[in-house]
Amino acid sequence: MSRRRHGFPRLLGDIGGTHARWAWQDATDPAPSRIVVHRCAAHASLLDSARHYLAEQRLPAPAQMAIGIATAVTGDEVRMTNHPWVFSIDALQRALGAERLVVINDFTALALSVPWLGADDLRALGDGRAAPGGAIAVLGPGTGLGVSGLVPDTRGGWVPLAGEGGHVTLAAADEVDADLLARLRARFGHVSAERVVSGPGLATLHAVLCERDGVSAHLADAPAIAAAAVEGSDAQAVEAVHRFTGFLGNVAGNLALTLGARGGVYLGGGVVPRLGRAFDAAWFRRRFEDKGRFAGYLREIPTWLITAAAPALLGASRALDPPVR
2 MSRRRHGFPR LLGDIGGTHA RWAWQDATDP APSRIVVHRC AAHASLLDSA
52 RHYLAEQRLP APAQMAIGIA TAVTGDEVRM TNHPWVFSID ALQRALGAER
102 LVVINDFTAL ALSVPWLGAD DLRALGDGRA APGGAIAVLG PGTGLGVSGL
152 VPDTRGGWVP LAGEGGHVTL AAADEVDADL LARLRARFGH VSAERVVSGP
202 GLATLHAVLC ERDGVSAHLA DAPAIAAAAV EGSDAQAVEA VHRFTGFLGN
252 VAGNLALTLG ARGGVYLGGG VVPRLGRAFD AAWFRRRFED KGRFAGYLRE
302 IPTWLITAAA PALLGASRAL DPPVR
C-alpha cells in the first residue's frame, strides 16, 4: 500500500507506429524493467496490448501509468498518426485500474530521458562541445519522424517540448535534392520532413531515385535498402541512404537553430542504427552545419546517436516524477 501511495508500481509504455514497448517499474527499481516489445498490428487496441503485457508478466494493476505515443496529444481522445489505434485517456486509465495516467508524445518521453543518459548510451557524430545549461534538441526517424527538445527552467530542471516538427516542410540543399522534392511533390503535394526522413520515407526515396534512373524499384522496405546500401549492391540504395542522411542533417541543423540547442542534438529512432556503416556521419555533419552565416554557430554544437535500449521508457517514468522545486 505504501508503494501505491508513492506512485508505484508503474506501467510504462513507448508506443510507435510499428511497435509497442512496455515496461514495469517498482519503487525499488532504478530503471524500467521487464521490457517487452509487441507489434502494434498484433493487437486490436492499445488497451488490448497493455492487458496482454500485464497478463503475460503476471502483474497487478499499476498505481500509475505513463505512455509516450507517436502522435500529437491534444485532449482526451488520442489518434495515432501512423497506426489506426484510437483511445480515450480517461477510459484507458479506468480500464486498467490506475490512479494516474500521463500520456505524452513519444519523443517528449525520449527527450525527458536525455539528462539521465550516460556516455555508454551515446555515440558521438562529429565534434562540438555542449554548453552547460543550453537547450537540447531531440529528433529521430522511425515509422515517422519524432521531434522534441528540452529547455532549462530556473530551478535546475528541464521543460520538455511537445510538438510535431516532423511535419515541417522539407527543404532542398542542392539541385539533386530539388529534383527529388519536385518528384515527391508530384506524388504527395506537401512534402514533409517525415515523408523522407523515416523508415517508410527511405523506401519512398529509393523508389523516386529508381523512377529518376529508369530502373525497377525491387527493394520494398528500409531494412532491404539499408542492407543493399551496406553491401553496395544497389546504386539507388546507396544514393537513397546518402540523400536520407543529408536530409536528416539538414532538418537537425534547422532544429538546432530554432531551439538554440547549444546543449547538443540527440538522434533517436530505430532507422539510423539499422543503417550501420552506410550512415555517413561526416555527410550528416556537413549538412547539419551548412547554414551559411551560422555554420560556425552549428560547428560548436555536438550531435550524438542514442544507443541506449528503450530510453523513452525511462523518460515516461520521469514524466510521473514531481517537478524540481
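Okay, so the sequence shown: first residue is 2 according to the numbering used here, each after it adds one.
We put the CB at the ideal spot given by N, CA and C, even for glycine.
Quiz item: Buried or exposed: where does residue 104 fall if 16 or more other Cβ atoms within 10 Å of its Cβ makes it buried?
Solution: buried
Exercise. Take every Cβ of the segment 14-27, pair it with every Cβ of the segment 91-100, and state whether three or more of those distances are shorter than 8 Å.
Key: no
Quiz item: What's the call for residue 295, buried or exposed, on a 16-neighbour Cβ count within 10 Å?
Solution: exposed
Quiz item: Out of curiosity, what's the CA-to-CA distance linking residue 38 and residue 47?
Solution: 13 Å
Self-check item: N- and C-terminal bounds of the beta strand (DSSP E) containing residue 130
Solution: Element bounds for residue 130: n/a, residue is neither H nor E.
Quiz item: From which residue to which residue does the beta strand (DSSP E) around residue 198 run?
Solution: That residue, residue 198, is in no beta strand (DSSP E); it is neither H nor E in DSSP.
Quiz item: Apart from the five residues on each side of it in sequence, which residues of its chain come closer than 7 Å, Cβ to Cβ, to residue 1?
Solution: With the chain covering only 2 through 326, there is no way to say anything about residue 1.
Quiz item: If you draw a straight line from the alpha carbon of residue 307 to that of residue 128, how long is it in whole angstroms?
Solution: 16 Å
Practice problem: Determine the contact status of residue 310 and residue 227, defining contact as a CB-CB distance below 8 Å. | Solution: no
Quiz item: Ordered along the chain, which non-local residues of its own chain (more than five positions away) have a Cβ less than 6 Å from that of residue 261?
Solution: 136
Self-check item: Close-in-space but distant-in-sequence residues of the same chain around residue 15 (CB under 7 Å, 5 per side omitted)
Solution: 22, 69, 107, 110, 311, 313, 314, 317
Quiz item: Are the segment 120-134 and the segment 184-195 in contact at 8 Å, needing three or more beta carbon pairs?
Solution: no
Practice problem: Under 6 Å Cβ to Cβ from residue 101, same chain only, skipping five residues before and after it: list those, please. | Solution: 65
Quiz prompt | Own chain residues within Cβ distance below 7 Å of residue 60, not counting five before or after | solution = 25
Quiz item: Pick from 173, 217, 322, 320: whose alpha carbon is nearest that of residue 288?
Solution: 173
Practice problem: Please determine, among 83, 58, 141, 300, the residue with the shortest C-alpha to C-alpha distance to residue 271. | Solution: 141
Self-check item: Close Cβ partners of residue 81 (< 6 Å) along its chain, the five nearest in sequence each way excluded
Solution: 72
Quiz item: From which residue to which residue does the beta strand (DSSP E) around residue 25 run?
Solution: 20-26
Quiz item: What span of residues does the alpha helix (DSSP H) with residue 165 cover, start to end?
Solution: Residue 165 -> no alpha helix (DSSP H), and no H or E assigned at all.
Quiz item: Do you know how far the Cα of residue 143 is from the Cα of residue 223?
Solution: 10 Å
Exercise. Would you please state the rounded distance, in angstroms, between the beta carbons of residue 246 and residue 291? I believe it to be under 8 Å.
Key: Actually they are not in contact, since the Cβ atoms of residue 246 and residue 291 sit about 13 Å apart, beyond 8 Å.
Exercise. Evaluate residue 234 with the Cβ neighbour count: other Cβ atoms within 10 Å of its Cβ, from every protein chain shown; 16 or more gives buried, anything less gives exposed.
Key: exposed
Quiz item: How close, in whole Å, do the beta carbons of residue 273 and residue 198 come, if the pair is a contact with beta carbons under 8 Å?
Solution: No, residue 273 and residue 198 are not in contact; Cβ-Cβ is about 10 Å, not under 8 Å.
Quiz item: Whole alpha helix (DSSP H) runs in the segment 76-128 with 4 or more residues, listed along the chain?
Solution: 90-97, 107-114
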